[in-house]
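So that you can map any letter, position 66 of the sequence shown is 66 in UniProt numbering, and since no number is skipped, the others follow by simple counting. Please read the structure below before turning to the comments.
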Amino acid sequence: MEMKKKLLMLLASILPVFFIFTGIKADDTIDVVFDNAYAPFEFKDSDQIYKGLDVDIINEVAKRSGWTMNQSFPGFDAAVNAVQAGSADALMAGTTITEARKKVFTFSDPYFDTKIVIATTKANTISSYKDLKGKTVGVKNGTAAQNFLEENKDKYGYNVKTFDTGDLMYNSLSAGAVDAVMDDEAVIQYAIQQGQDLSIDIEGEAIGSFGFSVKKGSQYEYLVEDFNKALAEMKKDGTYEIIMNKWLGASTTSTESTDYSSRLSLTGNASAKATPVKSSYTIVADSSFAPFEYQDESGNYVGIDMELIKAIAEHQGFTITIQNPGFDAALNAVQAGQADAVIAGMSITDARKEIFDFSNAYYTSNILLAVKNGSDIASYEDLKGKTVGAKNGTASYSFLEENKSKYGYTLKAFDEASSMYDSLNSGSIDALMDDEAVLLYAIQQGRNFATPIPGEKSGEYGFAVKKGANPELIEMFNNGLAALVELRQV
């Protein structure tokens, strides 16, 4: 899933800008309170601005719901107390939904499933809870981790020391004032990614889910309904997944940086703007390649490619008209001079470089085999005698064409994804291969598919023009892409 994560981390700060939202309520400003040191959910960055997963989610919910919102970051206990006392309206602080809290707060639908884990310094690792005997374990006050430690301290013989903030707790671990700490797994993983001297060596404890909340019976109960509606929309259109992977994108054992911009080979000048040659450019795209381009319920084409090219056009100051004729038709239109450029989840290949000039890559892709749930296909060898579908002209098609003699399957070409997916569903093909992000999105939307075989790296996606034509478009795309990546880091 690495390829999907890479793209999603880049675009997490791009897409929310372009969602249309309702008007702000003039008569009500919502005061939302947060923890103050709970990265990656909420934390003060080096620029002294509070950021994080919780902040991104609530900002997107507010945009879609038309809220006017004030945010403050007093710390977990103070935030909980403020909502209980009525001095704040809502709580967004990595708050675990519990039966006890439900007596005091009205919770939203869960937005994050959480696990708590023990962490030590790398020089003082432990392999089981029994190793904590006689030691002191730090934990933030009022958290699920505190509840777990209190319930098990007699069983394992450790002492519990509570802290008001995460910073104090982790500093105490570094100083040796406590021997271990317990916190949310995502928080500790993020700290490890940022270079902190921490180690996780015990399997975590699944403890439930985080929710947005308001005081039970308050006038702000409607905020929970707004949150639930917006969250459902965000999950459906991919924004939720983008935010999740922006902050939680690395694998759970990785200490590699999640800064997507460091992975891109960008040649554009983020502060420069090329001069358009035409008053308007015709951009063509695929018609059914979610989450890159697809039609929403209103029949409008949306998706990652759509929002990206619109954002770059706006930043660089050129006008575009977008058409979605389908992948093959889009490429043919550019080659025939009927369109100026194509953005269609198009892999950059040596063969295509002979026909097109490409931008910097904006996405690193994998391709993945899918079968119906319950299929006995578990390897490429199991495809012998089967029929496998792929979209014509794609990296998936090329891979399958190259390997069909080796594995003994029949390759069936499709012009567009929906008919290919329907064919797998109906049983007229036995498997299909497509971009990993596209397949996972389809499964998320309810397709009854499984992906039994690890993906194949298939290269990078780029924006393209006919070779030798419209060089200013490539320059503007590269500049705009660089600017959007830089903007995410501000």
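Ideal Cβ positions, reconstructed from N, Cα and C, are used throughout, including at glycine.
Secondary structure at residue i, three-state DSSP: helix, strand or coil?
i	result
Leu266	coil
Ala482	helix
Thr68	strand
Tyr301	strand
Asp113	strand
Gln295	strand
Leu411	strand
Thr239	helix
Tyr38	strand
Glu416	coil
Val371	strand
Ile30	strand
Ile474	helix
Asp434	strand
Going by CA-CA distance only, name the one from the options that's closest to residue i.
i	options	result
Thr114	Pro40, Glu60, Ser172, Gln444	Pro40
Thr106	Thr319, Leu223, Asp47, Ser209	Leu223
Ile443	Lys51, Ser65, Ala290	Ala290
Ser423	Leu400, Lys391, Leu440	Lys391
Ala37	Ile207, Gly94, Ser396, Lys235	Gly94
Lys386	Lys406, Thr96, Ser398, Ala395	Lys406
Asp54	Leu481, Ile243, Leu369	Ile243
Ala206	Val485, Ile97, Gly374	Ile97
Gly455	Ser379, Phe358, Tyr190	Ser379
Ala191	Tyr441, Ser174, Ile202	Ser174
Who pairs with residue i in a beta bridge, going by DSSP?
i	result
Ile118	Met182
residue 535	Coverage of the chain is limited to positions 1 through 490, which leaves residue 535 absent and any answer about it impossible.
Asn159	Thr136
Val284	Gln323, Val342
Ser347	Tyr461
Gly204	DSSP lists no partner for Gly204.
Lys44	Tyr50
Cutting at 8 Å between CB atoms, please list the residues of its own chain near residue i, excluding the five before and the five after it.
i	result
Asp27	In this prediction, Asp27 has a pLDDT of 45, which is less than 50 and means its spatial position is unreliable; what the coordinates show is noted afterwards. Here the set comprises nothing.
Gly157	Leu132, Lys133, Gly134
Ala413	Gly389, Ala390, Lys391, Asn392, Tyr397
Could you check whether residue j and residue i sit closer than 7 Å to each other, using their CB atoms as the reference points?
i	j	result
Met92	Phe212	yes
Ala361	Glu460	yes
Lys309	Ile283	The sequence shown places Ile at residue 309, rather than the Lys named in the question. In contact: Ile309 and Ile283 (Cβ atoms closer than 7 Å).
Thr165	Asn141	no
Phe76	Asp31	no
Gly52	Glu42	yes
Ala351	Phe327	no
Asn479	Asn324	no
Ser127	Phe227	no
Ala482	Leu266	yes
If you drop the 5 nearest sequence neighbours on each side, which residues of the same chain put their C-beta closer than 6 Å to that of residue i?
i	result
Thr22	Low confidence applies to Thr22: its pLDDT is 30, below 50, so where it sits in the model is not reliable, and the reading given next is rough at best. Once the five neighbours on either side are set aside, the close Cβ partners of Thr22 are Gly66.
Ser199	Thr120, Lys122, Thr125
Lys44	Tyr50
Tyr240	Met234
Ser172	Gly138, Val178
Ala274	Glu472, Glu475, Met476
Ala336	none
In chain order, what residues of the same chain lie with their CB nearer than 7 Å to the CB of residue i, ignoring the 5 residues before and after it?
i	result
Leu411	Val388, Ala390, Leu400, Glu401, Lys404
Ala57	Contrary to the premise, residue 57 reads as Ile rather than Ala in this sequence. Taken in chain order, the residues that qualify are Tyr111, Ile243.
Asn470	Asp340, Ala341
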